[in-house]
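Student:
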Amino acid sequence: MAESNVRGSYLSAGANRYTCASDWGQDGLVAFGSDSNVCLWDPANSRGVSRILSQHSGHVKAVQFLPRLENDKETILLSGGDDKVVRAWSVKPQEKTATYLEALEGHTEPINCIAALKEAPSNGSRRRIFATGAADATIKIWVSESEGFSLLQTIKTTKKYIPLYLALSPLDDDWNEMVLAAVGTNNVIQIFTTTGRQDFTLQATLPGHENWIRSLDFIREKTETGSDLLLASASQDKYIRLWRIHQGTPLSALNASGLDLSADALTPGNKIHKITAGKTKYCIMFEALLLGHDDWIYSARWSRTRSGKLQLLSASADNSLSIWESDPESGIWITVARLGEVSREKGATTATGSIGGFWTGLWSPSGTTVITLGRTGSWRRWDYNPSDDAWQQNRAISGHTRAVTGISWSHDGSYLLSTSSDQTTRLHAQWTSPSAQNQNSWHEMSRPQIHGYDLNCIATLGPTTSFVSGADEKLMRVFTEPKAVARMLSSLTNAPETNIAAAPDAANMPVLGLSNKAIDVIDDDAEVPESLPLTNSDRDALDPASMVRKSALEIDHPPFEESLSRHTLWPEIEKLYGHGYEISCLAASHDGRLIASACKASSLNHAVIRLFETEKWTEVRPPLQLHSLTVTRVRFSQDDQFLLSVGRDRQWAVYQKTDTLEEGGYKLVQANPKGHTRMILDAAWGPSVGGNRGVFATAGRDKQVKVWLEDGETKQYELGKTVAEEQPVTALDFVSEVTKDGHLLLAVGTESGKLSVLTLKVGEKEVEVVDTLVLKKEMWLPRTVLQVAWRPKTGGEDAGARELAVAGEDGSLRIYEFDL
Numbered sequence: 176m177a178e179s180n181v182r183g184s185y186l187s188a189g190a191n192r193y194t195c196a197s198d199w200g201q202d203g204l205v206a207f208g209s210d211s212n213v214c215l216w217d218p219a220n221s222r223g224v225s226r227i228l229s230q231h232s233g234h235v236k237a238v239q240f241l242p243r244l245e246n247d248k249e250t251i252l253l254s255g256g257d258d259k260v261v262r263a264w265s266v267k268p269q270e271k272t273a274t275y276l277e278a279l280e281g282h283t284e285p286i287n288c289i290a291a292l293k294e295a296p297s298n299g300s301r302r303r304i305f306a307t308g309a310a311d312a313t314i315k316i317w318v319s320e321s322e323g324f325s326l327l328q329t330i331k332t333t334k335k336y337i338p339l340y341l342a343l344s345p346l347d348d349d350w351n352e353m354v355l356a357a358v359g360t361n362n363v364i365q366i367f368t369t370t371g372r373q374d375f376t377l378q379a380t381l382p383g384h385e386n387w388i389r390s391l392d393f394i395r396e397k398t399e400t401g402s403d404l405l406l407a408s409a410s411q412d413k414y415i416r417l418w419r420i421h422q423g424t425p426l427s428a429l430n431a432s433g434l435d436l437s438a439d440a441l442t443p444g445n446k447i448h449k450i451t452a453g454k455t456k457y458c459i460m461f462e463a464l465l466l467g468h469d470d471w472i473y474s475a476r477w478s479r480t481r482s483g484k485l486q487l488l489s490a491s492a493d494n495s496l497s498i499w500e501s502d503p504e505s506g507i508w509i510t511v512a513r514l515g516e517v518s519r520e521k522g523a524t525t526a527t528g529s530i531g532g533f534w535t536g537l538w539s540p541s542g543t544t545v546i547t548l549g550r551t552g553s554w555r556r557w558d559y560n561p562s563d564d565a566w567q568q569n570r571a572i573s574g575h576t577r578a579v580t581g582i583s584w585s586h587d588g589s590y591l592l593s594t595s596s597d598q599t600t601r602l603h604a605q606w607t608s609p610s611a612q613n614q615n616s617w618h619e620m621s622r623p624q625i626h627g628y629d630l631n632c633i634a635t636l637g638p639t640t641s642f643v644s645g646a647d648e649k650l651m652r653v654f655t656e657p658k659a660v661a662r663m664l665s666s667l668t669n670a671p672e673t674n675i676a677a678a679p680d681a682a683n684m685p686v687l688g689l690s691n692k693a694i695d696v697i698d699d700d701a702e703v704p705e706s707l708p709l710t711n712s713d714r715d716a717l718d719p720a721s722m723v724r725k726s727a728l729e730i731d732h733p734p735f736e737e738s739l740s741r742h743t744l745w746p747e748i749e750k751l752y753g754h755g756y757e758i759s760c761l762a763a764s765h766d767g768r769l770i771a772s773a774c775k776a777s778s779l780n781h782a783v784i785r786l787f788e789t790e791k792w793t794e795v796r797p798p799l800q801l802h803s804l805t806v807t808r809v810r811f812s813q814d815d816q817f818l819l820s821v822g823r824d825r826q827w828a829v830y831q832k833t834d835t836l837e838e839g840g841y842k843l844v845q846a847n848p849k850g851h852t853r854m855i856l857d858a859a860w861g862p863s864v865g866g867n868r869g870v871f872a873t874a875g876r877d878k879q880v881k882v883w884l885e886d887g888e889t890k891q892y893e894l895g896k897t898v899a900e901e902q903p904v905t906a907l908d909f910v911s912e913v914t915k916d917g918h919l920l921l922a923v924g925t926e927s928g929k930l931s932v933l934t935l936k937v938g939e940k941e942v943e944v945v946d947t948l949v950l951k952k953e954m955w956l957p958r959t960v961l962q963v964a965w966r967p968k969t970g971g972e973d974a975g976a977r978e979l980a981v982a983g984e985d986g987s988l989r990i991y992e993f994d995l
C-alpha cells in the first residue's frame, strides 16, 4: 500500500464555543476551531469538513481570513488560541487544502481574538494589517507583506482589561487612515486610529453598554465614496448599539444621522466624540439601540444585499438569530427574520448558569446563507429563498466537542456508534441520496444517548440493533433502536429494517432523569402543553418540547440539529450493576449474547471482569479475577471462543469459553504477568491463521506492539514479533479477514497521533512485518489516538477498499478509506 491509496471519507469535529473561533471567507470556505485543530468546511458541499489542520497545542479561540489580494490564488488564514501563538496558513479554496506557513510569536497569554480588514486595499498596496488581542492585556498590530509577517506595534491595556473582540476598517476612501475598535472585560468601546504607517493611538472611549461587549463589526452605510462608517456592538446587556463615524464637524454628523437637532441631539446619550486620524477630523455618535434578545448577545455581523440594503445578523444565548434592517421610512431598525428555536428551559438564562444558545453567527459571502454555532458544537444553517421571501433550514455539520473515547461498528457495518467525554453517543452513517453530489456522504444520523456523565466505552450487541455503553458511573446502560429511527435509517441509508415490530416508537428524556424512556409518537395535529408542572413525584415527567410527532423523522435528508437532540434518542431497556467504580472498558460477543466489562481499580477485588448474559440481563458468576489494577481493554475472539484482557498491571490474559454459563462462561487458560514492561493500553484479536491458530496483538506504554501467536501443539500463545514505535502505542485493530496474499492487516495508533497499518506474514513460530504504511502527517491526530476500528465488510463495498474509524482525544472522529 502507498500513501496515495488512503483518503478521508468522513471528518467529524465539533466547533469550539468562542465568538471569534470561526470565519467565513470570501471564497466560500468556513474555517473554525475544534479543540486544538482548525477545520475547513464548504457549506455548499454535503461531505462536510474537508480538512483538519493540526499545529496548535491548545484550544483554538480565534480564526480569521485575510482579504485575498488581486492575482493571488491562495488565501491567508490566521488562527490563535491557548498556546499563545498566531499561526498562519495558506489555503487553496478550490482544492480545500491548506499549507502551514509560520508561527507569529509575541503574546505571553492565550489569544482571544484576531481582526483583519474585510477587503483588500483599494490603493493597490500588498500590505495587509491585522490585529490580535490576548489575555496578556495587549493588542498587537501585525502586517502581512510579500516578505512575510512582522510585528508593527504593541498596545498595552490595563491589567483588568483583557481584549475579547477587535474590529478594523479603513476610515477614508484612499485607505490611508484606519480605525481599530476594541472591547473586552469592561463595558466601553475603545477607538484607535492611525494614518500612513504611524502607530495606532487611542482617540475615544464610547460608553453606553452596561456589561461586557462580545462583538464588533464595521461597514460603510452606502457604497458611494465619502459614506459614513457604521459600527455595531453586541453586549451581554442583551442590547446592540449602532454607532456612526462621520468625517467632518459635529454639526454635519448630526445632519447625516437624520436627528432632530432641536431635541434628540441634546440628550446625554447622543454625546459626540471627536477623533482625528492624522490631520483629518471625524465624529462618532450613538446611532440606534436594538432591542429584541432575551439573553447575552454573542455576535453581530453586517452584510449588504445585492440591492445595497444593510442587514445585521445577531446571535444570542436565547437560542435565536435575528436579522435586522432599517425601515426605509422611519429609519427604525426592526427584526425582519428570527431564526432558531424557543428555549427548552423556561427561565433559563446565562445568568442562571445555562450554557445554551448560539455562540456566533456568520454570513455567506453572497449574504444569502447564515450559519450559527450551538452549545453542542454543531452548526445550523439557513438559506434565503427569494420566491417565498423566507429563510429555510438546510443541512450543516456536527461533531463531538470533547475526546471521542469509544467507537463501535454495527454488525453489518451500516453505521458507526461513537461515544465521548462530551456525554453523548452519536450514530454516523452514509446517506444514499439520489443526488449524485450527496451520494454516500457521511452524516450524524442519530444521537441515541445524551447523558449526565462522561462516557468512556461502547459496544454494539452482535446482530441486534442494540448497544451498551459505560460512563463515569458504576453501571452500564443498554439501549435499543426505536421504530422512528429505524425507518429513517432505512430510508436514508438503505439499512435493513430488522425486528422493529416489537421496538418502541421513540424515546424521550425525563426532565429530572438520566434514563431515556420509551414513548409512543403522537399525531401531527395533537396538542402538546407548553410546559408541565414539576413536583417531587414528577421525576418521569416528559419534556413537552421533545415529544416526537409521527412526521418528525419522515425526512429525505439527514436530520437537523434540533431533531438529533430531541427526536433521535434511543430508549434505555436495561441497567447492568456490579462494578464498584467508573466503567473503564467493555466488549460484546459477536453473537450478542454476552457482555464483558471492567471498572477502574487499584485492588484485586475491583480489577475483575464481569460477564452479563443478554437474555435475562443477569451477571454470570463468578467474575473473572486475575488483574490487580484497572483492566484497560477486553476483546472477544471472532468465534467468541476466547476472551482477551489487558491492563495497567502490565499483564494480559486469555480465557476460553466454557460449555455452559453455569460454569462461569469463560475460564482462564493462559496469563502473562510480564507481557510488557509498562502498562498495556490496547489489544486486538486477528483472524485465525494456518491450522486455525489464534493470533492477537497488544500495545503498551513501553512504545511496543507485540504480536502473540498460538502454538499448534501446546495451544499456548508465544511472542511472534515485537514492533517498536517512537511513542506509546494506544490503539490497535486487525482487519477481520486475511488478505488474498494470506497476510494480516493491523492498524496502529499512538499517543502522538501517528497512524499506520502493518502488513503481517504469519509463520510457524514467528511473525514478519512485510510492509508498513504510515499515513501522511496531515492525516495524523494532534494528540492521542484513543481507538481504531475497521469497518466490517459490507455488501456494497468495493472489494479492494476497507475503511478505518479513528477516535481521537482531540474530539475528532475520522474515517479513512484504504485501497488494499
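Using our numbering, read the sequence shown as starting at 176 and increasing by one per residue. Built from N, CA and C at the ideal position, the CB exists for glycine as well. Note that the coordinates shown come from a computational prediction; the quantities given were computed from them, not determined experimentally.
In chain order, what residues of the same chain lie with their CB nearer than 6 Å to the CB of Arg513, ignoring the 5 residues before and after it?
Tutor: On the sequence shown, residue 513 is found 338 positions in, with the first residue counted as 1. Within the same chain, Arg513 has close Cβ partners Ser495 and Ser497.
Student: Only counting the same chain, and skipping five residues up and downstream in sequence, which positions put a Cβ closer than 7 Å to that of Glu284?
Tutor: For this step, residue 284 is matched to residue 109 along the sequence shown. Excluding positions up to five away in sequence, the list reads Lys259, Ala309, Ala310 and Asp311.
Student: DSSP beta-bridge partners for Gly256?
Tutor: Residue 256 sits at position 81 when you count from the first residue of the sequence shown. For Gly256, which the question treats as bridged, DSSP gives the partners Val235.
Student: How is the alpha helix (DSSP H) around Met1064 delimited, first residue to last?
Tutor: Residue 1064 is absent from the model: the chain starts at 176 and stops at 995.
Student: Report yes or no: do three or more beta-carbon pairs, one from the segment 647-655 and one from the segment 748-755, lie closer than 8 Å?
Tutor: yes
Student: Checking the sheet assignment: what are the DSSP bridge partners for Val806?
Tutor: Sequence index remark: in the sequence shown, residue 806 carries index 631 (1-based). Looking at the DSSP output, Val806 bridges to Gly822.
Student: Here's a check: name, in chain order, each residue in its chain whose Cβ is nearer than 6 Å to the Cβ of Gly359, leaving out the five neighbours to either side.
Tutor: To locate residue 359, count along the sequence shown from 1; it is residue 184. Here the set comprises Tyr336, Ile337, Pro338 and Leu339.
Student: In its own chain, which residues sit with a C-beta less than 6 Å from the C-beta of His231, not counting the 5 before and 5 after it?
Tutor: Indexing the sequence shown from 1 puts residue 231 at position 56. Within the same chain, His231 has close Cβ partners Ser211, Gly256 and Asp258.
Student: Check whether the segment 883-896 touches the segment 919-931, counting contact only when three or more Cβ pairs, one atom from each stretch, lie closer than 8 Å.
Tutor: no
Student: Can you tell which of Gly281, Arg768, Ile694 and Thr455 has the C-alpha that lies nearest to the C-alpha of Lys331?
Tutor: In the sequence shown, residue 331 corresponds to position 156, counting from 1. When only C-alpha atoms are compared, the closest one is Gly281.
Student: Could you tell me which residues DSSP puts in a beta bridge with Cys288?
Tutor: Here residue 288 is taken as the residue at index 113 of the sequence shown, counted from 1. Answer by DSSP bridge pairing, in chain order: Gly308.
Student: Inspect the beta-carbon positions of Ser857 and Leu907 and report whether they are closer than 8 Å.
Tutor: Within the sequence shown, numbered from 1, the residue matching residue 857 stands at position 682. Within the sequence shown, numbered from 1, the residue matching residue 907 stands at position 732. Here residue 857 turns out to be Asp, not Ser, going by the sequence shown. Cβ atoms of Asp857 and Leu907: closer than 8 Å.
Student: Return the chain-ordered list of same chain residues with a C-beta closer than 7 Å to the C-beta of Leu801, the five sequence neighbours on each side being excluded.
Tutor: Taking the first residue of the sequence shown as 1, we reach residue 801 at position 626. So the list reads Ala828, Leu843 and Ala846, once near-sequence residues are dropped.
Student: Give every residue of the same chain whose Cβ lies closer than 8 Å to the Cβ of Arg796, excluding the five residues on either side of it in the sequence, and list them in chain order.
Tutor: Your numbering for residue 796 matches position 621 in the sequence shown. Excluding its 5 nearest sequence neighbours in each direction, Arg796 has C-beta neighbours in its own chain below 8 Å: Gly839, listed in chain order.
Student: Quick one: Cα of Val944 to Cα of Ser931, how far?
Tutor: Here residue 944 refers to the residue found at position 769 when the sequence shown is read from its first residue. Here residue 931 refers to the residue found at position 756 when the sequence shown is read from its first residue. For Val944 and Ser931, the distance between alpha carbons rounds to 13 Å.
Student: For a test of the three-state rule: what should DSSP assign to Pro345, helix, strand or coil?
Tutor: For the purposes of this step, residue 345 is taken as residue 170 along the sequence shown, with counting starting at 1. In this structure, Pro345 counts as strand in the three-state DSSP scheme.
Student: Mind the definition here: the segment 551-569 touches the segment 189-208 only if three or more C-beta pairs lie below 8 Å; say whether that holds.
Tutor: yes
Student: Within a Cβ cutoff of 7 Å, which residues of the same chain sit near Leu276, ignoring the five residues on either side of it in sequence?
Tutor: Here the question's residue 276 lines up with position 101 in the sequence shown. Only Ala263, Trp264 and Ser265 meet the Cβ criterion.
Student: Would you decide whether Pro746 is buried or exposed? Buried here means 16 or more other CB atoms lie within 10 Å of its CB.
Tutor: Residue numbering aside, residue 746 sits at position 571 when the sequence shown is read from its first letter. Label assigned to Pro746: buried.
Student: Quick check: the segment 759-768 against the segment 661-674, are at least 3 beta-carbon pairs closer than 8 Å?
Tutor: Cβ pair count under 8 Å is below three, so no.
Student: Can you find the residues in the same chain that come closer than 6 Å, C-beta to C-beta, to Thr544, ignoring five residues on each side of it along the sequence?
Tutor: Residue numbering aside, residue 544 sits at position 369 when the sequence shown is read from its first letter. Hits under 6 Å: Asp558.
Student: Secondary structure at Ser583, three-state DSSP: helix, strand or coil?
Tutor: Here residue 583 refers to the residue found at position 408 of the sequence shown. Looking at Ser583 - three-state DSSP - the assignment turns out to be strand.
Student: Just the Cα atoms here: how many angstroms apart are Trp477 and Leu406?
Tutor: On the sequence shown, position 302 is the one that residue 477 refers to. On the sequence shown, position 231 is the one that residue 406 refers to. Rounded to the nearest angstrom, the gap between the Cα atoms of Trp477 and Leu406 is 9 Å.
Student: Could you check where the beta strand (DSSP E) with Arg622 kicks off and where it finishes?
Tutor: Here residue 622 corresponds to residue number 447 of the sequence shown, with the count starting at 1. Where Arg622 is concerned, the enclosing beta strand (DSSP E) stretches over Ser616 to Ile625.
Student: Can you list, in chain order, the stretches of the beta strand (DSSP E) that have 3 or more residues and sit fully within the segment 882-940?
Tutor: 892-899, 904-909, 919-925 and 930-937
Student: What separation, rounded to the nearest whole angstrom, lies between the Cα atoms of Arg989 and Thr398?
Tutor: Translated into positions along the sequence shown, residue 989 becomes position 814. Translated into positions along the sequence shown, residue 398 becomes position 223. Distance between the alpha carbons of Arg989 and Thr398 is about 45 Å.
Student: Find the nearest neighbour of Asn180 within the set Gln328, Val949, Ala357 and Cys774, judged by alpha-carbon distance.
Tutor: By one-based count along the sequence shown, residue 180 stands at place 5. If we check each option's Cα against that of Asn180, Val949 comes out closest.
Student: Alpha helix (DSSP H) containing His742: first to last residue?
Tutor: Counting from 1 along the sequence shown, the entry for residue 742 is found at position 567. Unbroken alpha helix (DSSP H) run through His742: Glu736 to His742.
Student: Spell out the partners DSSP gives Thr455 in its beta bridges.
Tutor: Indexing the sequence shown from 1 puts residue 455 at position 280. Ala452.
Student: Straight-line CA distance for Ala237 to Cys288?
Tutor: Taking the sequence shown and counting its residues from 1, one reaches residue 237 at position 62. Taking the sequence shown and counting its residues from 1, one reaches residue 288 at position 113. Cα-Cα distance, rounded: 5 Å.
Student: Just to confirm my understanding: we take Ser187, look at its own chain, exclude 5 residues before and 5 after, and list those with CB closer than 6 Å. What are they?
Tutor: Position 12 of the sequence shown, counting from 1, holds the residue named residue 187. Answer for Ser187: Gly574 and Leu988, listed in chain order.
Student: Measuring only the C-alpha atoms, how far is Gln567 from Asn560?
Tutor: To locate residue 567, count along the sequence shown from 1; it is residue 392. To locate residue 560, count along the sequence shown from 1; it is residue 385. Spanning the alpha carbons of Gln567 and Asn560 requires a straight line of approximately 7 Å.
Student: What separation, rounded to the nearest whole angstrom, lies between the Cα atoms of Gly986 and Gln486?
Tutor: Here residue 986 corresponds to residue number 811 of the sequence shown, with the count starting at 1. Here residue 486 corresponds to residue number 311 of the sequence shown, with the count starting at 1. Their backbone Cα atoms lie some 35 Å apart in a straight line.
Student: Do you know how far the Cα of Glu656 is from the Cα of Ala409?
Tutor: The residue you call residue 409 lines up with position 234 of the sequence shown. The residue you call residue 656 lines up with position 481 of the sequence shown. If you take the alpha carbons of Ala409 and Glu656, they lie about 43 Å apart.
Student: Counting only the same chain and skipping the five closest in sequence on each side, list residues whose C-beta sits under 6 Å from that of Thr274.
Tutor: Position 99 of the sequence shown, counted from the first residue, corresponds to residue 274. Cβ within range, chain order: Ser265.
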